[in-house]
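Enquirer:
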Amino acid sequence: GSLTGGATHADRLLERRAMVATRRATLLRAVALASVVAQHAVGGFTGVGSQIQGRLAHRRHQWATGVGGVGPRELPTSAASARGLALHAQPQKGSTMQGDQLDGPRPAEFKPEDAIDATDTWELDCYSRPVVGRDGKKLWELLICDSSGTFRHVEPIPANKVNSREVRKRIEDLIERAPVRPRVIRFFRRAMFNMLNIALADLGAGIQVRPSRSTYTLYQWLDEREADVYPQMAGYKPALTQSTFFDMATPERMPDALRADQFAFVSLPLSEIIQGGVNTDNIGCGKICPVPPGLRDDAMVSGVLFLTKRSESLALWLAGSELAFMKADLKRREMVMEVGLSTRYLMARLTDDQRLEGQAFEAGKANLKGLHFVGIQGSAEDDEVAGFWLLREMDL
């Protein structure tokens, strides 16, 4: 190119670097502000049916040494960075059932422009719905979306054809027609684990299958369908709506690879996330889930900040662990990390003061439809975070 063109490219590069640096500084200022707020704020957090008065003290706590008798397990030493986009998608119009016949969404016809925003991370569900046909059999559907919600695929499956071979054929066909070939496919239902694990095995080079509860876009889509689509279908039976119950077993000992030196309950303005101050350029190897609609920009998002000298390695390991959400179990006085399909790790045992902070943390989640975050830093003085995860706990 010409010298002018080269100068323009260099200017753009410098401008890009300055923008990233500014965004990183914004994130650190927000976390620092949260620390100051946490030191002085007295809670006025509304829980379910009660007013929780809790003091959000930004102090560092020693981590639990683990559950007695459970030894450390072998863990991977590295993991690929996670990827996610917080884009809002329009709800798909519902379908109607006339007896045994479905009139509604068929396998999607993708347009070239879909590839612009579509991601290579898919979220999948194959399960029965609260709709019964004239033959007395429940409707089964295959739902697939990408992590941004750019494309959504709905496909009914006859009840007598719900098996790994049939589901695999439909997924392979969709991969051939999709605007972006998937790199990762996630599914969250334990009840369908065996069938889906077989159906998704060896789909092709470069496609990873990850059983995970971090299918946030799919959760939101299911909520929309259960509220707006299935009730409009002939044969709808609300009594058949099934909740998904995850295993609430006693948490396991925290693996050595996930241990940090200290942690703190902190807060972050939601506006920093919505307005782009916190984005994929400044979250390290973290991940940002979609922000649910209807939240106020000036709300404060509750979070947990990990401080450790091993911040980079801890962030990498956490990126590969399918972090789902954090939970303050107030009854057991435990802080629990939920990962994978059903794994629960004991992060810390809560003292009386920490239990009050845990109450405020859970109340903050409830006020923002389960939204919260996890951050990892080497120290409070660091200029960057090694990892930042915007998470959401949802009731299914």
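Under the numbering used here, residues 79 to 474 are what the sequence shown spells out, in order.
All C-beta atoms, glycine included, are put in the ideal place defined by N, C-alpha and C.
Quantities reported herein were computed from a predicted structural model and do not represent experimental measurements.
Which residue marks the beginning of the alpha helix (DSSP H) containing Ala438, and which one marks its end?
Expert: In the sequence shown, counting from the first residue as 1, residue 438 sits at position 360. Looking at the DSSP string, the run of the alpha helix (DSSP H) that includes Ala438 is Asp430 to Asn445.
Enquirer: Roughly how many whole angstroms lie between the Cα atoms of Phe466 and Ile454?
Expert: The sequence position of residue 466 within the sequence shown is 388, counting from 1. The sequence position of residue 454 within the sequence shown is 376, counting from 1. Spanning the two alpha carbons is a distance of roughly 6 Å.
Enquirer: Which residue marks the beginning of the beta strand (DSSP E) containing Ala256, and which one marks its end?
Expert: Taking the sequence shown and counting its residues from 1, one reaches residue 256 at position 178. Taken as a continuous stretch (DSSP letters only), Ala256 belongs to no beta strand (DSSP E), as it is neither H nor E.
Enquirer: Please state if the CB of Leu469 and the CB of Cys367 are separated by a distance shorter than 8 Å.
Expert: By 1-based counting over the sequence shown, the position of residue 367 is 289. By 1-based counting over the sequence shown, the position of residue 469 is 391. Their beta carbons are under 8 Å apart, which means Cys367 touches Leu469 by this criterion.
Enquirer: Rounded to whole angstroms, what's the CA-CA distance from Glu400 to Ser226? Just pull it up for me.
Expert: As a position in the sequence shown, residue 400 is number 322, starting the count at 1. As a position in the sequence shown, residue 226 is number 148, starting the count at 1. Approximately 17 Å between the Cα atoms of the pair.
Enquirer: Have a look at Gly372 and Ala464 and give me their C-alpha separation to the nearest angstrom.
Expert: In the sequence shown, the residue the question calls residue 372 occupies position 294. In the sequence shown, the residue the question calls residue 464 occupies position 386. Each residue's Cα considered, the two are about 30 Å apart.
Enquirer: From this set, Val240, Val245, Asp334 and Gly442, which residue's C-alpha is nearest Leu346's C-alpha?
Expert: For the purposes of this step, residue 346 is taken as residue 268 along the sequence shown, with counting starting at 1. When only C-alpha atoms are compared, the closest one is Gly442.
Enquirer: From the DSSP output, in three-state form, read off Val232 for me.
Expert: Along the sequence shown, one-based indexing puts residue 232 at 154. DSSP places Val232 in strand when its eight states are reduced to three.
Enquirer: Considering only the alpha carbon of each residue, which of Val287, Leu300 and Val414 lies closest to Pro208?
Expert: One-based indexing of the sequence shown puts residue 208 at position 130. With distances taken between Cα atoms, Pro208 lies closest to Leu300.
Enquirer: Jot down the residue ranges of each uninterrupted alpha helix (DSSP H) in the segment 278–331, minimum 4 residues, whole runs only, in chain order.
Expert: DSSP runs (the alpha helix (DSSP H)) wholly in the segment 278–331: 294–302.
Enquirer: Which term fits Asp405, buried or exposed, when burial requires 16 or more other beta carbons within 10 angstroms of its beta carbon?
Expert: Translated into the one-based positions of the sequence shown, residue 405 becomes position 327. Rather than Asp, the amino acid found at residue 405 in this sequence is Lys. Burial call: buried.
Enquirer: Within 10 Å of its beta-carbon, does Lys171 have 16 or more other beta-carbons around it, so buried, or fewer, so exposed?
Expert: Working through the sequence shown from its first residue, we reach residue 171 at position 93. In this predicted model, Lys171 has a pLDDT of only 35, less than 50, meaning its place in the structure is not dependable; the value taken from the coordinates is given anyway. So Lys171 ends up on the exposed side.
Enquirer: Below 8 Å on the Cβ atoms is my guess for Leu383 versus Phe341; work out the distance and round it to an integer in Å.
Expert: Taking the sequence shown and counting its residues from 1, one reaches residue 383 at position 305. Taking the sequence shown and counting its residues from 1, one reaches residue 341 at position 263. Contact holds; Cβ gap of about 6 Å.
Enquirer: Can you tell me whether Thr328 is buried or exposed, with buried defined as 16 or more other CB within 10 angstroms of its CB?
Expert: Position 250 of the sequence shown holds residue 328. Exposed.
Enquirer: Gly436 and Leu449: beta carbons closer than 8 Å?
Expert: Stepping through the sequence shown from its first residue, residue 436 is reached at position 358. Stepping through the sequence shown from its first residue, residue 449 is reached at position 371. No. Outside cutoff.
Enquirer: How many whole angstroms separate the CB atoms of Phe403 and Glu471, which I take to be in contact at a CB cut-off of 8 Å?
Expert: Residue 403 sits at position 325 when you count from the first residue of the sequence shown. Residue 471 sits at position 393 when you count from the first residue of the sequence shown. Between Glu471 and Phe403 the Cβ distance is about 4 Å, and since that is below 8 Å, they are a contact.
Enquirer: Am I right that Leu24 and Glu201 are in contact with their C-beta atoms under 8 Å? What's the rounded C-beta distance?
Expert: Nothing about residue 24 can be reported from this structure: the residues present for the chain run from 79 to 474 only.
Enquirer: When you compare only the Cα positions, how much space is there between Arg246 and Met273?
Expert: Position 168 of the sequence shown, counting from 1, holds the residue named residue 246. Position 195 of the sequence shown, counting from 1, holds the residue named residue 273. Each residue's alpha carbon lies about 10 Å from the other.
Enquirer: Taking the alpha helix (DSSP H) that Ala397 falls in, what are its first and last residues?
Expert: Within the sequence shown, the letter at position 319 stands for residue 397. Where Ala397 is concerned, the enclosing alpha helix (DSSP H) stretches over Ser389 to Ala397.
Enquirer: With DSSP collapsed to three states, give me the class of Met175.
Expert: On the sequence shown, position 97 is the one that residue 175 refers to. Per-residue confidence for Met175 stands at a pLDDT of 38, beneath the threshold of 50, marking its modelled position as unreliable; no derived number is given.
Enquirer: Less than 8 Å separating the beta-carbons of Met263 and Leu252?
Expert: Counted from its first residue, the sequence shown places residue 263 at position 185. Counted from its first residue, the sequence shown places residue 252 at position 174. For the record, residue 263 in the displayed sequence is Ile; it is not Met. No, the Cβ-Cβ distance between Ile263 and Leu252 is not below 8 Å.
Enquirer: Put Ser420 into one of helix, strand or coil per three-state DSSP.
Expert: Indexing the sequence shown from 1 puts residue 420 at position 342. In this structure, Ser420 counts as coil in the three-state DSSP scheme.
Enquirer: In the DSSP assignment, find the unbroken beta strand (DSSP E) run with Glu201 in it and report its ends.
Expert: Mapped onto the sequence shown, residue 201 falls at position 123. Per DSSP, Glu201 belongs to the beta strand (DSSP E) from Thr199 to Val210.
Enquirer: Note the first and the last residue of the continuous alpha helix (DSSP H) segment covering Leu217.
Expert: By one-based count along the sequence shown, residue 217 stands at place 139. Counting along the chain, Leu217 falls outside any alpha helix (DSSP H), though it belongs to the beta strand (DSSP E) covering Lys216 to Asp224.
Enquirer: Whose CA, out of Ala426, Thr197 and Met413, lies closest to the CA of Pro257?
Expert: For the purposes of this step, residue 257 is taken as the residue at position 179 of the sequence shown. Minimum Cα distance to Pro257 is reached at Thr197.
Enquirer: Less than 8 Å between the beta carbons of Gly284 and Arg248, yes or no?
Expert: Along the sequence shown, one-based indexing puts residue 284 at 206. Along the sequence shown, one-based indexing puts residue 248 at 170. Not a contact, by the Cβ cut-off of 8 Å.
Enquirer: Count the other C-beta atoms from every protein chain shown that fall within 10 angstroms of the C-beta of Arg243, then say buried if there are 16 or more, exposed otherwise.
Expert: Position 165 of the sequence shown holds residue 243. Under this definition Arg243 is an exposed residue.
Enquirer: May I ask which residues mark the beginning and end of the alpha helix (DSSP H) holding Ser349?
Expert: Taking the first residue of the sequence shown as 1, we reach residue 349 at position 271. Leu348 to Ile352 is the extent of the alpha helix (DSSP H) around Ser349.
Enquirer: Look at the Cβ atom of Ile235, then the Cβ atom of Glu254, and state whether they are nearer than 8 Å.
Expert: Counting from 1 along the sequence shown, the entry for residue 235 is found at position 157. Counting from 1 along the sequence shown, the entry for residue 254 is found at position 176. In this structure, Glu254 does not lie closer than 8 Å to Ile235 by Cβ.
Enquirer: For Ile352 and Asp376, what's the separation of their Cα atoms in angstroms?
Expert: As a position in the sequence shown, residue 352 is number 274, starting the count at 1. As a position in the sequence shown, residue 376 is number 298, starting the count at 1. So the alpha carbons of these two residues sit roughly 10 Å apart.
Enquirer: Under the three-state reduction of DSSP, which class applies to Ile263: helix, strand or coil?
Expert: Taking the sequence shown and counting its residues from 1, one reaches residue 263 at position 185. Three-state result, Ile263: strand.
Enquirer: What three-state label does DSSP hand Lys409 in the structure shown?
Expert: Counted from its first residue, the sequence shown places residue 409 at position 331. Note: Lys409 maps to coil in three-state DSSP.
Enquirer: Which residues in the same chain have their Cβ closer than 7 Å to the Cβ of Asp473, if we skip the five residues on either side of it in sequence?
Expert: In the sequence shown, counting from the first residue as 1, residue 473 sits at position 395. Here the set comprises nothing.
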